[in-house]
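I have placed the structure first, in the form of structure tokens, so that the comments after it can refer back to it.
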Amino acid sequence: MLNRRLGNTDLIVSPLGYGSMGLRGPRTWGVRVVEEYDAERMLNAVIDQGINFIDTSPDYGICEHRIGKYLSSRRSEYFLATKCGCVPVQHADYLEISHRWEPSVVRANLENSLRRLQTDYLDILQFHGGDARTLQENGLIDLLNAFRLEGKIRYLGVSSSLPNLPDLLGTGSFDTIQVPFSCLAPEHADLIREAEARSVGVIVRGGIAHGGPDAEIQRDKLNAIWQRANLDELVPAGMSRAEFILRHTLAIAANHTIIVGTSNLTHLRDNVAAARLGPLPIDLCEQVDKRVAEIIQAR
């Protein structure tokens, strides 16, 4: 894979990153419950396959703990991003997720994440949502900058979406943004271009999860766009839909790394193989974008 600089940072990241939510463990949500042995295999396979960017969060059950347990000895081989503002509450059979924008919460998130991840520093600490006014008025951006001066974090980020992301990007405070995007969900394309103009690093989530009929998690609205745009007609022979969607996302130079979450080793290897093939041809991407835009505009 041809690695890319993440915005104006000094992080040279693999275009395919790893979104670790699928390793959240039991008593959380969803159907992908991964046992310890399989979590260890998956995390080490991620690094072995050449992926050097891992995204996680305190909201993801025991995920941070697993990364620390199985990858702390390989800390120099990957960049690590987690999140803050998180107040997860573990109930008997499910994990309740909420967020509070208070200094005590953010400080506790950082301290606990460093302990669970078995590291002295984070490459990126991201607000897990929030709006610009609240983060500024509560002194939280200043707090993250203080963490940076202490050497506990290297860069500030935010994982967000419309309608809050424009104001967050407008603060000029963030080194990276994390946004949902795929050819079937292009609503954040203008913000990605704005981030590029500001030299802000772009981390894309949902590059395949926000994809079409081959996605591990099915979304009926996106499948409908795929079908109505007749995108199967554009998929080259021998190429899977998942590869098609991932390589379309890779064709946007401002998308510095696409964090794809999977707990399936075969899917991981397929994703890496697709990333190594590089972006789709520009003319093919333009055909996809035109068809999808027509469908979205007609709704």
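Residues in the sequence shown are numbered consecutively from 712, following the working numbering.
Backbone N, C-alpha and C fix where the C-beta goes; we use that ideal spot for every residue, glycine too.
Taking 6 Å as the limit between beta carbons, can you name the residues of its chain near residue 955, skipping five residues before and five after? 946
In the stretch 754-837, which residue ranges form an unbroken alpha helix (DSSP H) of at least 4 residues, counting only runs that do not cross its ends? 774-782, 814-828
Is there contact between the stretch 994-1007 and the stretch 753-763, where contact requires at least three CB pairs shorter than 8 Å? no
If the criterion is Cβ atoms closer than 7 Å, does the pair residue 911 and residue 903 meet it? no
If residue 836 and residue 855 are in contact, beta carbons under 8 Å, what's the gap, nearest whole angstrom? The Cβ separation is near 6 Å, so the contact holds.
Can you list, in chain order, the residues of its chain whose CB lies under 8 Å from that of residue 783, leaving out five sequence neighbours each side? 828, 829, 830
Here's a check: name, in chain order, each residue in its chain whose Cβ is nearer than 6 Å to the Cβ of residue 734, leaving out the five neighbours to either side. 745, 750, 774, 777
Among 731, 739, 736, 741, which one has its Cα closest to the Cα of residue 711? No statement about residue 711 is possible, as the shown extent of the chain runs from 712 to 1010 and does not include it.
Selection from 832, 834, 989, 810 that minimises the alpha carbon distance to residue 959: 989
Figure out for me which residue from 787, 852, 780 has the closest Cα to the Cα of residue 795. 852
In its own chain, which residues sit with a C-beta less than 8 Å from the C-beta of residue 868, not counting the 5 before and 5 after it? 792, 835, 836, 837, 838, 885, 886, 887, 888, 889, 912, 914
Taking only the alpha-carbon atoms, compute the straight-line gap between residue 952 and residue 819 and give it to the nearest angstrom. 41 Å
Kindly indicate the opening and closing residues of the beta strand (DSSP E) around residue 877. Element bounds for residue 877: not the beta strand (DSSP E) but the alpha helix (DSSP H), 876-881.
Under the three-state reduction of DSSP, which class applies to residue 915: helix, strand or coil? strand
Throw me the rounded Cβ distance for the residue 740 and residue 832 pair, which I believe falls under 8 Å. Not a contact, Cβ separation roughly 30 Å.
Out of 996, 788, 756, 808, point me to the one whose CA is closest to residue 797's CA. In terms of CA proximity to residue 797, 808 leads the group 996, 788, 756, 808.
Which residues mark the beginning and the end of the alpha helix (DSSP H) in which residue 933 is found? Unbroken alpha helix (DSSP H) run through residue 933: 931-939.
Using a Cβ-Cβ cutoff of less than 8 Å, which residues in the same chain neighbour residue 871 once the five nearest sequence positions on both sides are dropped? Around residue 871, the same chain offers 838, 840, 841, 879, 888, 889, 890 as residues with beta carbons nearer than 8 Å, after the five sequence neighbours per side are excluded.
Could you pull out every residue in the same chain whose Cβ sits closer than 7 Å to the Cβ of residue 786, ignoring the five residues on either side in sequence? Within the same chain, and ignoring the five residues on either side of residue 786 in sequence, the residues whose Cβ sits closer than 7 Å to its Cβ are 830.
N-terminal and C-terminal residue of the beta strand (DSSP E) that residue 865 is part of: 864-870
At which residues does the beta strand (DSSP E) containing residue 888 begin and terminate? Its beta strand (DSSP E) spans residues 887-891.
Please say whether residue 919 and residue 983 have beta carbons closer to each other than 7 Å? no
Residue 999: buried (16+ other C-beta within 10 angstroms of its C-beta) or exposed? buried
Look at residue 712 and residue 964 and say whether their C-beta atoms are less than 7 Å apart. no
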